[in-house]
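>
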Ligand SMILES: NC(=O)c1ccc[n+]([C@@H]2O[C@H](COP(=O)([O-])OP(=O)(O)OC[C@H]3O[C@@H](n4cnc5c(N)ncnc54)[C@H](OP(=O)(O)O)[C@@H]3O)[C@@H](O)[C@H]2O)c1
Ligand SMILES: NC(=O)c1ccc[n+]([C@@H]2O[C@H](COP(=O)([O-])OP(=O)(O)OC[C@H]3O[C@@H](n4cnc5c(N)ncnc54)[C@H](OP(=O)(O)O)[C@@H]3O)[C@@H](O)[C@H]2O)c1
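Protein chains in written order, with the UniProt record's numbering: chain U, 1 to 436; chain V, 1 to 436.
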């Protein structure tokens, strides 16, 4: 049987999982690739680490040149995180004639056009299924399986850490900080979870999906985004009372006026598929003009789910499918004009959930609805509970659900409300998912 | 731009949808295929039908030779149903050097090894995404996206007609016959829905999936199957009372003793994803040893969802990916030994729902539990309502949920119970889904 030599750069969580699949399941990968996938090298920083001791003699090396200078190594899984040295290593791999598989969404979101351009010049290819939604094969599904469609919308829960935190806060009434501490203990959150919880990671993934599905070229940093780090358990509770769950939703929706793109904690109707995504799961609801709605649900991260995606890419690359797709689709082509323009965030229509605290005195509700009315934001429902009857406070929470209004108008109305004398503290404003 | 000439054989529901996508969205398919996909011919039986009048001049023909003898036509979508002449036409297409795309699961389930063997001999390839679950790209997902995994189980709602019927019976308390009549009116059931409602169609799809996912070679006709045609609205009602929904579930599950394979109306815990699949939707829950659980949900039939899958296959075939996959995976290779044996149905463990009518007299429950006990089928719960208090009948319904027991033992117990003097009429026995 033919043999394709493979290397891994970076034996961390994902790299170790990939090595495990290649070493322990050679029969399986050979059957699916029509050739033996042979793990020739794994490049690490410190080869003396005890966790590498199990790997076959001669595989682990600290010298990237052992990969670069071995012309028999055709496919390399580049599995180190961050931008540098990941970027430089990736360029070196391409320049030495390797096809590269990666799980690094930050790198693609930041340097996609450069890396893909260089790969194209060199006649090499890049595969990146694991970069978005881990075990859910959304990249192949959009680029290949749904290619007969104009994708109309794509709504996803793309950050497992955020979803885990929100699920726990919702279930146990925990504060955000307590949920983070618990998630770190359980391995569902990094020591520094900033990029996960502030919406950065989801925005980077959304930028990649929006490029593949719509031909948009958004800079991830320009995607309007809010994270779950500002969520209060009270909002989860009110949402529940209203028949909703709150999820960190990444949305790309095509309209006649352009592409809507944002990441934010969003009220999603309870009982609908996205609302019921629990714990560290990811999910993506895609709508295509021919296929209609397709829904994907699976583990968006973790060692083996992510390794599953990386090894599928290694197989596709060894078989030659990746090369064909790469040459055909011209992904991340910096010379190409975007096929769609982005709608200004302030113009996007949306429904909103507003929560604020008001003095329990006559006329207050009228004042607030007056502000909303002046900004043409109309009210769908209101929850105002009675004040605590122990007389300790005359400040009561007020929750308002609006009908559809432009983001900009809703934002201005919320600011104005926040400045009213009868309003105490900040106005919380969250988007409400429209449609099914 | 390069041009690949394409033909369609059979302009029925699906064929018309495929023609529509190719003709109306040439820009889209060209972008995804890296070449123009040019609809050169569409072969029909009666070219004078008014519905073909919209097609461009010269496309419609009654003569298959117009396709066979045109060496520039490389890819043909063969979209006529049934076994003959579909089989003969497919062989002719392959023999004249065409790659073939098909949606015909009956043909594959019956003649897969012959057709695939011939294609391999001739150096051609066959694509069949649309043959299972319509718009859900389950074939590519199993054969390619999840190829790093040993699939452990696969549970699907694969027949949209059955699911539509069951959903309507459940929602409206309709009888099976009334639901069929309504489904026919709405276009969700064929004039003769037998193959859909008796489990044949789901078994044919399951046979294909079991082959791809497990390397099994089941004959579809050997797969134990029950359809929804025997379902009584009363069972849907009791299932609901017990916290379940009834779905026509196709199951393939790998265990140390072989592969479990069957199609049957099954009680599925309410609130779990498969239980909540409504109307004509399909869904498939896959479990892989690396990726964990992945869930797919979408439209399993209908003109455009199915055409979406066919056109994706045409694109894959034109690009060359299908050929690589086909050569690598050696699907439906009759010379190859199955990689897994099928577990005898009678040995399969399962939980069961039993419904029967008994005389409302003392000792009856004891007699029935005695029979179950002798067959080592233990009881998890019982529902016995009071008899109608108008004294019109002393026969009462009894519903029993069992713990896990082998299919054979449960069947023998049910038969013996049916023969008890205190039991009136038949014993209904349905499987209950185990696990999440
Ligand atoms: N973990 C997941 O579930 C997941 C899911 C999807 C995508 N991803 C992406 O996959 C990539 C890897 O993630 P991970 O979780 O595996 O990260 P990780 O556990 O931190 O592993 C990164 C590895 O790269 C190694 N490394 C760093 N610089 C190196 C260099 N110059 N040469 C060789 N090795 C070097 C590190 O070595 P040391 O041990 O010496 O520091 C570490 O072992 C990231 O881009 C991440 O975003 C991860
Ligand atoms: N419909 C769905 O949603 C769906 C979903 C998945 C898979 N499929 C599969 O797709 C295939 C086609 O289904 P369909 O719904 O499109 O069926 P359909 O509407 O009955 O169309 C079949 C077409 O084939 C034509 N035909 C029959 N024999 C022919 C011949 N010798 N030469 C040329 N044309 C011939 C028929 O022509 P006449 O009009 O002259 O009879 C008819 O137009 C079937 O295998 C089905 O199982 C269908």
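We put the beta carbon where it would ideally sit given N, CA and C, even for glycine. Model, not experiment: these values are computed from the prediction.
1. Give a yes or no on whether 9 Å exceeds the smallest Cβ distance from residue 32 of chain U to chain V.
2. Exposed or buried, what is residue 399 of chain U when buried is set at 16 or more other beta-carbons lying within 10 Å of its beta-carbon?
3. So is the beta-carbon of residue 106 of chain V under 8 Å away from any non-hydrogen atom of ligand 2?
4. Find out if the Cβ-Cβ distance for the pair residue 286 of chain U, residue 153 of chain U is shorter than 9 Å.
5. Using a threshold of 9 Å, state whether the C-beta atoms of residue 100 of chain V and residue 130 of chain V are closer than that.
6. Name the chain U residues that come within less than 9 Å of residue 79 of chain V, Cβ to Cβ?
7. Is residue 305 of chain U near ligand 3 - that is, is its Cβ less than 8 Å away from at least one heavy atom of it?
8. Over what stretch of residues does the alpha helix (DSSP H) that includes residue 323 of chain U continue unbroken?
9. Have a look at residue 240 of chain V and residue 196 of chain V and give me their C-alpha separation to the nearest angstrom.
10. In angstroms with no decimal places, state the Cα-to-Cα distance between residue 10 of chain U and residue 104 of chain U.
11. With residue 228 of chain U and residue 166 of chain U assumed to form a contact (beta carbons below 8 Å), what rounded beta-carbon distance in angstroms separates them?
12. Hey, does residue 239 of chain U have any beta-carbon neighbour from chain V nearer than 9 Å?
13. What residues in the region 315-344 of chain V have a beta carbon less than 9 Å from any beta carbon of chain U?
14. Indicate, with yes or no, if ligand 1 has a heavy atom lying under 8 Å from the CB of residue 428 of chain V.
15. If we cut at 9 Å on Cβ distances, does residue 289 of chain V have a partner in chain U?
16. Quick one: what's residue 220 of chain U bridged to in DSSP?
17. Kindly list, in the order they appear in chain V, the residues whose Cβ is closer than 7 Å to that of residue 135 of chain U.
18. Ignoring anything shorter than 3 residues or poking outside the region 335-402 of chain U, list the beta strand (DSSP E) runs there in chain order.
19. Quick one, are the C-beta atoms of residue 304 of chain U and residue 17 of chain U less than 9 Å apart?
20. At 8 Å on the CB atoms, spell out the chain U contacts of residue 298 of chain V, in chain order.
21. Measuring CA to CA, which of V:246, V:221, V:220 is closest to residue 230 of chain V?
22. Just checking residue 89 of chain U against ligand 1 - is the residue's beta carbon closer than 8 Å to any of the ligand's heavy atoms?
23. Using a Cβ-Cβ distance under 9 Å, would residue 120 of chain U count as near chain V?
24. Tell me which residue opens and which closes the alpha helix (DSSP H) that residue 162 of chain U is part of.
25. State the beta-bridge partners of residue 153 of chain V as determined by DSSP.
26. Whose C-beta lies closer than 7 Å to the C-beta of residue 32 of chain V among residues of the same chain, with five residues either side of it excluded?
27. Could you give the DSSP three-state label for residue 176 of chain V: helix, strand or coil?
28. Report yes if the C-beta distance between residue 307 of chain U and residue 35 of chain U is below 9 Å; otherwise report no.
29. Kindly indicate which three-state DSSP category residue 17 of chain U falls into: helix, strand or coil?
30. Restricting to Cα atoms, I'd like to know which of U:134, U:91, U:110, U:137 is closest to residue 122 of chain U.
31. Since I believe residue 206 of chain V is in contact with residue 258 of chain V (beta carbons under 8 Å), could you give me their beta-carbon distance rounded to a whole number of angstroms?
32. Just to confirm, does residue 319 of chain U get its C-beta within under 8 Å of one of the non-hydrogen atoms of ligand 2?
33. Going by other Cβ atoms of all chains shown within 10 Å of its Cβ, with 16 needed for buried, is residue 426 of chain U buried or exposed?
34. Name the chain C residues that come within less than 8 Å of residue 165 of chain V, Cβ to Cβ?
35. Would you check if there are 3 or more beta carbon pairs closer than 8 Å linking the region 131-145 of chain U to the region 127-146 of chain V?
36. Roughly how many angstroms lie between the CA atoms of residue 224 of chain V and residue 177 of chain V, to the nearest whole one?
According to the structure shown:
1. Working through the first chain from its first residue, we reach residue 32 of chain U at position 32. Taking Cβ atoms only, chain V reaches closer than 9 Å to residue 32 of chain U, which makes this a yes.
2. Numbered from its first residue, the first chain carries residue 399 of chain U at position 399. By the neighbour-count rule (16 or more Cβ atoms within 10 Å), residue 399 of chain U is buried.
3. Start at 1 with the first residue of the second chain, and residue 106 of chain V comes out as number 106. Within the cutoff, so yes.
4. Position 286 of the first chain, counted from the first residue, corresponds to residue 286 of chain U. Position 153 of the first chain, counted from the first residue, corresponds to residue 153 of chain U. Contact: yes.
5. Translated into positions along the second chain, residue 100 of chain V becomes position 100. Translated into positions along the second chain, residue 130 of chain V becomes position 130. No, the Cβ-Cβ distance between residue 100 of chain V and residue 130 of chain V is not below 9 Å.
6. Within the second chain, numbered from 1, the residue matching residue 79 of chain V stands at position 79. Near residue 79 of chain V there are no residues of chain U at all, since even the closest Cβ is about 14 Å away, more than 9 Å.
7. In the structure on display, ligand 3 does not appear, and the ligands it does have are ligand 1 and ligand 2.
8. Within the first chain, numbered from 1, the residue matching residue 323 of chain U stands at position 323. Counting along the chain, the alpha helix (DSSP H) containing residue 323 of chain U begins and ends at 321-329.
9. For the purposes of this step, residue 240 of chain V is taken as the residue at position 240 of the second chain. For the purposes of this step, residue 196 of chain V is taken as the residue at position 196 of the second chain. So the alpha carbons of these two residues sit roughly 24 Å apart.
10. On the first chain, residue 10 of chain U is found 10 positions in, with the first residue counted as 1. On the first chain, residue 104 of chain U is found 104 positions in, with the first residue counted as 1. C-alpha separation (whole angstroms): 12 Å.
11. Counting from one through the first chain, the residue named residue 228 of chain U turns up at place 228. Counting from one through the first chain, the residue named residue 166 of chain U turns up at place 166. Yes, they are in contact, since the Cβ atoms of residue 228 of chain U and residue 166 of chain U sit about 6 Å apart, within 8 Å.
12. Looking up residue 239 of chain U in the first chain gives position 239. No, residue 239 of chain U does not count as interfacial toward chain V.
13. 315, 316, 319, 320, 321, 324, 325, 327, 328, 329, 330, 339
14. As a first step, residue 428 of chain V must be located in the second chain, where it is residue number 428. Incorrect: residue 428 of chain V has no Cβ contact closer than 8 Å to ligand 1.
15. Along the second chain, one-based indexing puts residue 289 of chain V at 289. Taking Cβ atoms only, chain U reaches closer than 9 Å to residue 289 of chain V, which makes this a yes.
16. Taking the first chain and counting its residues from 1, the one referred to as residue 220 of chain U is at position 220. Residue 220 of chain U is not bridged to any residue.
17. Taking the first chain and counting its residues from 1, one reaches residue 135 of chain U at position 135. Within chain V, the residues near residue 135 of chain U are 291, 292, 294.
18. 349-359, 379-384, 395-402
19. Here the question's residue 304 of chain U lines up with position 304 in the first chain. Here the question's residue 17 of chain U lines up with position 17 in the first chain. Cβ atoms of residue 304 of chain U and residue 17 of chain U: closer than 9 Å.
20. As a working mapping, residue 298 of chain V is identified with position 298 in the second chain. By Cβ distance, chain U contributes 291, 292, 293, 294, 295.
21. The sequence position of residue 230 of chain V within the second chain is 230, counting from 1. Nearest option by C-alpha distance: V:246.
22. Counting from one through the first chain, the residue named residue 89 of chain U turns up at place 89. Residue 89 of chain U: yes, Cβ under 8 Å from ligand 1.
23. The residue you call residue 120 of chain U lines up with position 120 of the first chain. Answer no: the Cβ-Cβ gap between residue 120 of chain U and chain V never drops below 9 Å.
24. On the first chain, residue 162 of chain U is found 162 positions in, with the first residue counted as 1. Run containing residue 162 of chain U: 160-172, per the alpha helix (DSSP H) assignment.
25. Here residue 153 of chain V is taken as the residue at index 153 of the second chain, counted from 1. DSSP output for residue 153 of chain V lists V:253, V:287 as bridge partner(s).
26. Reading the second chain from its first residue, position 32 is the one you call residue 32 of chain V. Correct list, in chain order: 315.
27. Numbered from 1 along the second chain, position 176 holds the residue referred to as residue 176 of chain V. Helix.
28. Taking the first residue of the first chain as position 1, residue 307 of chain U is located at position 307. Taking the first residue of the first chain as position 1, residue 35 of chain U is located at position 35. Cβ distance not < 9 Å, so residue 307 of chain U and residue 35 of chain U don't count as in contact.
29. Position 17 of the first chain holds residue 17 of chain U. Assignment of residue 17 of chain U by DSSP, reduced to helix, strand and coil, places it in the helix class.
30. Translated into the one-based positions of the first chain, residue 122 of chain U becomes position 122. Considering only alpha carbons, the answer is U:91.
31. In the second chain, counting from the first residue as 1, residue 258 of chain V sits at position 258. In the second chain, counting from the first residue as 1, residue 206 of chain V sits at position 206. The pair is not a contact, with the Cβ atoms about 15 Å apart (cut-off 8 Å).
32. Locating residue 319 of chain U in the first chain gives position 319, where the first residue counts as 1. Residue 319 of chain U Cβ: outside cutoff for every heavy atom of ligand 2.
33. Numbered from 1 along the first chain, position 426 holds the residue referred to as residue 426 of chain U. Looking at its Cβ environment, which holds fewer than 16 other Cβ atoms inside 10 Å, residue 426 of chain U is exposed.
34. Of the protein chains in this structure, namely U and V, none is chain C.
35. yes
36. Within the second chain, the letter at position 224 stands for residue 224 of chain V. Within the second chain, the letter at position 177 stands for residue 177 of chain V. Taking the straight line joining both Cα atoms gives about 24 Å.
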